Structures are given as C-alpha cells and as structure tokens.
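Chains as they are written, first to last, in UniProt numbering: chain X, 1 to 300; chain S, 1 to 300.
2 protein chains.
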Amino acid sequence: MTIAPRHILSALPLLFAATAFAQTAPAKPKTSAEILAAAPASAWKAVPDEDLLLLDLDSGARVVIALAPDFAPVHVANIRALTRAGWFAGITVNRVQDNYVVQWGDATETKPLPAGMVTPTPAEYERSLAGLTLRPLGYRDAYAETTGHVGGWPVASDGKAAWLTHCYGMVGVGRGMAPDTGSGAELYTVTGHAPRHLERNIAAVGRVLDGIEALTALPRGTEALGFYKEGAPRPAIVRATIAADLPAAQRPHYQLFDSASPAFGEWVTARANRKDDFFIRPAGAVDICNAMPPVRKMPA
Amino acid sequence: MTIAPRHILSALPLLFAATAFAQTAPAKPKTSAEILAAAPASAWKAVPDEDLLLLDLDSGARVVIALAPDFAPVHVANIRALTRAGWFAGITVNRVQDNYVVQWGDATETKPLPAGMVTPTPAEYERSLAGLTLRPLGYRDAYAETTGHVGGWPVASDGKAAWLTHCYGMVGVGRGMAPDTGSGAELYTVTGHAPRHLERNIAAVGRVLDGIEALTALPRGTEALGFYKEGAPRPAIVRATIAADLPAAQRPHYQLFDSASPAFGEWVTARANRKDDFFIRPAGAVDICNAMPPVRKMPA
Numbered sequence: 001m002t003i004a005p006r007h008i009l010s011a012l013p014l015l016f017a018a019t020a021f022a023q024t025a026p027a028k029p030k031t032s033a034e035i036l037a038a039a040p041a042s043a044w045k046a047v048p049d050e051d052l053l054l055l056d057l058d059s060g061a062r063v064v065i066a067l068a069p070d071f072a073p074v075h076v077a078n079i080r081a082l083t084r085a086g087w088f089a090g091i092t093v094n095r096v097q098d099n100y101v102v103q104w105g106d107a108t109e110t111k112p113l114p115a116g117m118v119t120p121t122p123a124e125y126e127r128s129l130a131g132l133t134l135r136p137l138g139y140r141d142a143y144a145e146t147t148g149h150v151g152g153w154p155v156a157s158d159g160k161a162a163w164l165t166h167c168y169g170m171v172g173v174g175r176g177m178a179p180d181t182g183s184g185a186e187l188y189t190v191t192g193h194a195p196r197h198l199e200r201n202i203a204a205v206g207r208v209l210d211g212i213e214a215l216t217a218l219p220r221g222t223e224a225l226g227f228y229k230e231g232a233p234r235p236a237i238v239r240a241t242i243a244a245d246l247p248a249a250q251r252p253h254y255q256l257f258d259s260a261s262p263a264f265g266e267w268v269t270a271r272a273n274r275k276d277d278f279f280i281r282p283a284g285a286v287d288i289c290n291a292m293p294p295v296r297k298m299p300a
Numbered sequence: 001m002t003i004a005p006r007h008i009l010s011a012l013p014l015l016f017a018a019t020a021f022a023q024t025a026p027a028k029p030k031t032s033a034e035i036l037a038a039a040p041a042s043a044w045k046a047v048p049d050e051d052l053l054l055l056d057l058d059s060g061a062r063v064v065i066a067l068a069p070d071f072a073p074v075h076v077a078n079i080r081a082l083t084r085a086g087w088f089a090g091i092t093v094n095r096v097q098d099n100y101v102v103q104w105g106d107a108t109e110t111k112p113l114p115a116g117m118v119t120p121t122p123a124e125y126e127r128s129l130a131g132l133t134l135r136p137l138g139y140r141d142a143y144a145e146t147t148g149h150v151g152g153w154p155v156a157s158d159g160k161a162a163w164l165t166h167c168y169g170m171v172g173v174g175r176g177m178a179p180d181t182g183s184g185a186e187l188y189t190v191t192g193h194a195p196r197h198l199e200r201n202i203a204a205v206g207r208v209l210d211g212i213e214a215l216t217a218l219p220r221g222t223e224a225l226g227f228y229k230e231g232a233p234r235p236a237i238v239r240a241t242i243a244a245d246l247p248a249a250q251r252p253h254y255q256l257f258d259s260a261s262p263a264f265g266e267w268v269t270a271r272a273n274r275k276d277d278f279f280i281r282p283a284g285a286v287d288i289c290n291a292m293p294p295v296r297k298m299p300a
C-alpha cells in the first residue's frame, strides 16, 4: 500500500484549489474556501496605508504587519514615530522561543528613543466595547465570555471591555514587569499555540499579514526564554516603512475579510462544520484563533 | 527609556529560574513552575522504553516521540514494525506548512511496507472512555464537552468516547481521503495553533517530547499545503529506533507529569491563575493545549 502525501491533511484555511473539485458535486455545502472565493468585493476591507508596517530583513524577506490603532492608539502612534525616525533600522531579532514568540528590538538596550513618542506609554491592554461592532463567533471559549470579530480583527470581550485575542501571528509589545514599560520599540509576534493568558496583560498592536515564515523558521534561541546566545548571529531589520510614506505606486495593498459582511458569517459556519471530502466528523465549532480573518494581497 | 528584553514575557511554562525570586515573597501563591519543582517523584510517570521512538535526522538532531498505544494500538504497532524493519531510515521531511504541520514519509511513494503491519489499518480516531481515568481540566472548550488528562496525555471526551487532543507537538498519522488509508508510515507533528477540528478525523499516535525545534525551524515548503518543491533539498531521517531496542545504558529516559497526582491539579490551577510578578490579570482559565503535561528527561 502506498500513501499519497499530497492528499493528506488537505483541510486548509485557504485551499482555493478545492473549488474546482467541489463544482462537480454541487449538492455539498460550500467549503469555507468556496465561500471566500465567491465573496463580493464589499466583503473585503483595505488595510489603510497608514496602518501597514513593512519590515525588511537582512535575509531579503519582508514581513508585513497591519497595525491596530482602534485597540492601541498610543502604541501604534509610537510605532509610526519609531518607524519614521529610522529607529527600527539595524535592530535585531533577539528571541526565538519555540511554540511561543519571536521578538525583535534593540539588543544593546542603549539606543535612545526618538522624539515624538509618548513614554511612559499607557497600558492599552483593553478598550471599551462601546463603539465597536462585535460579531460574536458563537462558540465557547476557555478564556473569555465572548469572542468574535470586529472588521478584520479577532476580538474577545467580557461585555464591557474588548481586546484583541493573542492568536498566532498577532503582534504584541514587549514590556518589563511594570505595566507601563512597553513603548512599542520592543515587539514580538506569536508563533505557537495561542498564549491567550497574555490577553489583558500586554498590548496587542497588530497582526502579521505576510512573510511570517521569515520569522517562524528562524533558528530557535538557545538561552533561557529562547533568547539568542551572546555573540550568536542575529537576523537584522534593515529597513522599516509605513506604507503611506512610499510613493503610491510602490505601496503594497492588503485586504482583510470583513466581519460586517454576510459572507463572513457563512465562512465561520463552514469553518466550524468542515464537510469536504477529507472530513468525516465536522467539529461543530471553531475557536477564535482558528477563525482568523483571511487576508489577501491586492495587485499594485 | 530603555527596555530590558530579558524580563519581557517572562511568564513561561517551565521558568524554574523564577523559584529563587519567589522565595523572597512567601505570601504569594505558588507558580506552576514552583509546584512542578516541588512535586514528588511519584507525580512523574516514566514513558516505557517500548513507547519511545527516536528519530535521528541528517542534521544531527534527534526528535524524541512518546507513542500512545492506549489510544491507537494498531497504528503504534505498525510504527514499531516500520521502525524495526528500518523502514524510516532514508525517508524525508516533505511538508513544512507554517502554523500547521511538519510531515515526513516516503516522498517517492514507492517504498514497500515491511511485513508484520496491519493494513488497511483501522480508523483509530477515538476509543471508549471506559477504562480511562480522565482528570477533567475544569474549563470550557470550544470543541469538546470535556477536556482533561489521562496520565500524561491531553484528552477530550463526549462522555462516551475519548481521544487525544490535537495540540502543538502531538503526532498524527497522515492519510488519504478514505479513513483507513493511514498506516503509520506517513507521520506529522502539529506546529501551530492547535487544529482541533482534526480530532476524530485522524489518528493521533503520540507526542514530540524533545527536539521539536529540529522540525519547526525547517524552511517552509513553497508548494501547495507547504510541500517542498520537487528537487528541493529535504531533511532526511537517517535512523529510527525504539528505545527498548537499545542497550539499557544507551536508552534515554523521559517522564511525563501524571494527572493522577494531586500536584497535577495544583499545577493546572496555577496555570489558569498566573500571579507571578508579570501578570496583572490572571485569565482564570486555561485551554487544554496550554496545559500540556510537562516533560522531563532523566539522567541515563
């Protein structure tokens, strides 16, 4: 008996290839990929140029991050100020901890912060739910009373406060023991099973939309907490840019699937009830970090 | 203002370094690391030599996997047969999909399986709860009525059936579209946010106890589903061994924290209510994949 690896574990978030296959069996419920492919343009929301942070690494890779000013406005303003001052150029990835985070910042801890930053920075770990349109996910969550989506963002709430969930690929602000010690100069992204216990303890400021593999496939740090050993080679950020600062023709454009669209609800239901040819028993549920809003890159 | 990266995000599963610090503040509740460090020897359960699979890669790294015969006995017997026949020697890692799986097997799909295997292999996706002592985790779960632990294993149940949860580091059996097409020759480990929807759809056969970074830090595959491109270099397994087949002095020994121990319950409670110097607001809950039983390697 031989195995056909290319058919194994085919149930993937964005398996557009499945579309053609399913068209031959029209009686089946649509897969989440089919729903996504059929969604109208209005179901996608552009990430504003001012919220798109581009990190160019010395490996030649680019990591694209969407910032979330609706959730951490002061931190996001600080990150824009750091970017525009050129502060991120030359800083390094200092920590790669398996199943946890990849973290970058000033390894020397001596680089002065630029003017125009708010420090100490308020502890923007949550905000008021008021003013946000939260589409509830509709399934149980271990950590929060409610999870769901606001536009293209994964969110949790206790009915009064709301905060970004700490899922794979989300970007947070490193800090010291005191809550107001994270300025935005030290950032990390989640690279393992969602450490949801960090929510409301740390500022989440965005999400990696593209290029995360340039961070996740880095050699793991060998020291405590996954820090690189003193003297070990460290990947460097050679340039950081806010997309709005590029000439219009050079700006990359990304869109997030918008929870305000009816197609979004269909997509969540399909994610929770996978019925493609691989699945025998649909879960009947999905957790918020397995329901991250799809991203697409638009032509320039 | 400078940042102290080494103090950032210090809330880690096994931060034994925190012990000394906390001793100066005895009024605080014990951290999960302190509970673990203080647990009696009886709280740890040895992984049997017959259940310990050692994969030596051409990089020189060793990946250590605990097999779970209580959950997938036929698959585990097949994996032992494959190992003892030398079948895994020379096979390659063929798929590295970010935030999902690393998968290894016979890329040529032509290598004949050895004698002594049961094929087609029964679809061991779940078993009866009867005969298992499940310690309920005690917190909500999106996917299952109950999650908890059986010995050193993370388990979910609907009250009748029980199955291993598909958490980071768990090992599963690749298969084709038909449920009985996975023999154990094609294996993968979970390397991202837990794809819990795979539970009851695929056989989980074990857990990576050591060396997972030799798999998770591999370059991501560039083809659909994260497969490596035809002709791209593929990491190879040069030798696979069941620990029981080694001379006694050469066998590695691993232990799992045992859910039957009272210390285990204290550990879960501390994981759900982190109150060390970093945490401002304990979550009050933990999900099963953030409560993976701790592992320790014993001296030879």
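Ideal Cβ positions, reconstructed from N, Cα and C, are used throughout, including at glycine.
No experiment lies behind these values; they were computed from the predicted model shown.
Taking the CA atoms as reference points, X:A123 sits about 5 Å from X:D180. Nearest to X:V205 by C-alpha distance, out of X:P219, X:L82, X:M177 and X:G172, is X:G172. Rounded to whole angstroms, the Cβ separation of X:L137 and X:V150 is 12 Å, and the two are not in contact under 8 Å.
Annotated three-state conformation of S:P73 is helix, per DSSP.
S:R200 belongs to the set of residues whose beta carbon lies under 7 Å from a beta carbon in chain X. Here S:T165 has P154, A156 and I288 as same chain residues with Cβ atoms under 6 Å from its own Cβ, once five neighbours each way along the sequence are excluded. Contacts between X:N99 and chain S, judged by CB atoms closer than 7 Å, involve Y168 in chain order.
Take the alpha-carbon of X:H253 and the one of X:V190: they are about 23 Å apart. For X:H197, the neighbours in chain S by C-beta distance under 9 Å run, in chain order, A11, R271, A272, R274, F279, P282, A283, A285, V286 and N290. Among the residues of chain X, none has a CB under 7 Å from the CB of S:Y228; the nearest is roughly 11 Å distant. Residue environment: S:G231 is assigned as exposed (fewer than 16 neighbouring CB atoms within 10 Å of its CB, all protein chains considered).
Annotation for S:P29: A270, N273 and K275 place their beta carbon closer than 8 Å to its own, counting only its chain and skipping 5 residues before and after. Runs of the alpha helix (DSSP H) lying entirely within the segment 40 to 95 of chain X and spanning at least 4 residues, in chain order: 73 to 84. Look at S:R207 here: in three-state DSSP terms it is strand. DSSP places X:V268 inside the alpha helix (DSSP H), whose first and last residues are P262 to A272. Remark: C-beta atoms of S:G105 and S:E186 approach each other more closely than 7 Å.
Straight-line measurement puts the Cα of X:A285 at about 36 Å from the Cα of S:M117.
When DSSP states are grouped into helix, strand and coil, X:A285 belongs to the coil group.
The beta carbon of S:P136 sits no closer than 7 Å to any beta carbon of chain X. In its chain, beyond the 5 residues on either side, R239 have a beta carbon closer than 6 Å to the beta carbon of S:A89. S:Y168 and X:G174 do not touch by the CB rule: their CB atoms are close to 22 Å apart, not below 8 Å. Chain-order list of chain X residues neighbouring S:L218: A217, by C-beta distance under 8 Å.
Measuring C-alpha to C-alpha distances from S:A300 to each of S:P40, S:A46 and S:A37 identifies S:A46 as the nearest. The C-alpha of X:G159 lies about 49 Å from the C-alpha of S:I79. Around the beta carbon of S:E109, fewer than 16 other beta carbons lie within 10 angstroms, which makes this residue exposed. With the criterion set as a beta carbon lying under 7 Å from some beta carbon of chain S, the members of the segment 112 to 144 of chain X are L113, T119, Y139, R140, D141, A142 and Y143, in sequence order. Inter-residue distance for S:E213 and X:L246 is about 37 Å (C-alpha atoms, whole angstroms). Counting the other CB atoms within 10 Å of its CB gives S:R281 a total below 16, which places it among the exposed residues. Here X:D51 has A66, L67 and P69 as same chain residues with Cβ atoms under 7 Å from its own Cβ, once five neighbours each way along the sequence are excluded. With contacts defined as CB atoms closer than 7 Å, S:L256 and S:V208 fail to qualify as a contacting pair.
It is roughly 14 Å from the alpha-carbon of X:S42 to the alpha-carbon of X:I35. In the structure shown, S:L164 falls within a strand segment according to DSSP collapsed to helix, strand and coil.
With respect to chain X, the C-beta atom of S:G90 has no partner C-beta closer than 7 Å. Judged by DSSP in its simplified three-state form, X:I35 adopts helix.
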